[in-house]
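Report on the structure given below.
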Amino acid sequence: MFKENSNLSSIRKGQIEVICGSMFSGKTEELIRRLKRAKFAKLKIKTFNPHVDNRYGKSKLISHNSTEIKSLTIKKSHEILDLYDNVDIVGIDEAQFLDDELPNICNALADRGVRVIVAGLDMDYLGKPFGVIPKIMAIAEFVTKVHAVCVGCGDIALNSHRTSLSKNLVEIGSEKNYQALCRMCFIKKNK
Ligand code: ADP
Ligand code: MG
């Protein structure tokens, strides 16, 4: 389904792929996996992540499982158009933190033949659709929803439950302040 789209073929075909799910669901791991596979096809890739996501070193993405790849930190989504350098594949992690321009930027890149892979939280800590992700899901060729394991019951988790008291929408996460929970365990915790 996700052909590596070798640049040996005559015309480069653009598309948008979304990898979404809760925290700890393996979005970053899956993004890195797809990007590393593309390297075998000798495709040029660039990866971006928003400035707000400063959990780790600024120049790379690292999953909770410690897989990593080089990445550029940006403040505004239009920087991607300035910096993407006509590569074959653009990866964007933690896209829920980027601004409303991002769907247009993804379309502009895909229209130019770039394979755009966007990873991000589909829901916030209250279970509401998060930022630009639903809009990018609507315009994407492929949407993959990945799941964490519910730490309450072991079922598949789709919610990111905040265990700290903060009410800010953006509260950078780790196992210290978030838990992956299934629908039923999330309802119980939020009663
Ligand atoms: P995401 O980007 O979706 O937050 P990552 O790709 O960074 O997720 O990390 C996925 C890794 O998180 C898993 O491979 C596993 O090692 C770890 N992990 C921690 N808590 C959980 C959980 N509740 N369910 C599944 N994986 C978890
Ligand atoms: Mg991640």
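Residue numbers in the sequence shown follow my numbering, run continuously in steps of one, and reach 224 at the last position. Where is the CB? At the ideal position from N, CA and C, for every residue including glycine.
Straight-line gap, residue i to residue j (C-alpha atoms, nearest Å)
i: LYS20; j: LEU159; result: Since the displayed the chain opens at 34 and closes at 224, residue 20 lies outside it and no answer follows.
i: LYS103; j: ASN201; result: 29 Å
i: VAL165; j: LYS109; result: 13 Å
i: THR100; j: GLU62; result: 7 Å
i: VAL120; j: ARG195; result: 37 Å
i: SER197; j: SER58; result: 20 Å
i: ALA181; j: ILE189; result: 6 Å
i: ILE125; j: LYS161; result: 21 Å
i: LEU116; j: GLY47; result: 18 Å
i: CYS139; j: SER193; result: 26 Å
i: GLN212; j: ILE44; result: 44 Å
i: ILE95; j: PRO83; result: 13 Å
i: ASP118; j: LEU154; result: 27 Å
Boundaries (first-last residue) of the alpha helix (DSSP H) holding residue i
i: ARG70; result: 60 to 73
i: ASN140; result: 135 to 144
i: GLU112; result: 112 to 116
Near the ligand ADP: residue i beta-carbon under 7 Å from a heavy atom
i: MET156; result: no
i: ASN98; result: yes
i: GLU134; result: no
i: PHE81; result: no
i: MET56; result: yes
Does the contact criterion of 3 or more C-beta pairs under 8 Å hold for the segment 170 to 181 versus the segment 67 to 74? Cβ pair count under 8 Å is below three, so no.
When you get a sec, list the residues whose CB is within less than 5 Å of any heavy atom of the ligand MG, chain order please. LYS60, THR61
Taking three-plus beta-carbon pairs below 8 Å as touching, is the segment 213 to 220 in contact with the segment 178 to 188? yes
Could you tell me whether the segment 62 to 70 touches the segment 133 to 141, using the rule of 3 or more Cβ pairs below 8 Å? The segment 62 to 70 and the segment 133 to 141 do not touch, with fewer than 3 CB-CB distances between them shorter than 8 Å.
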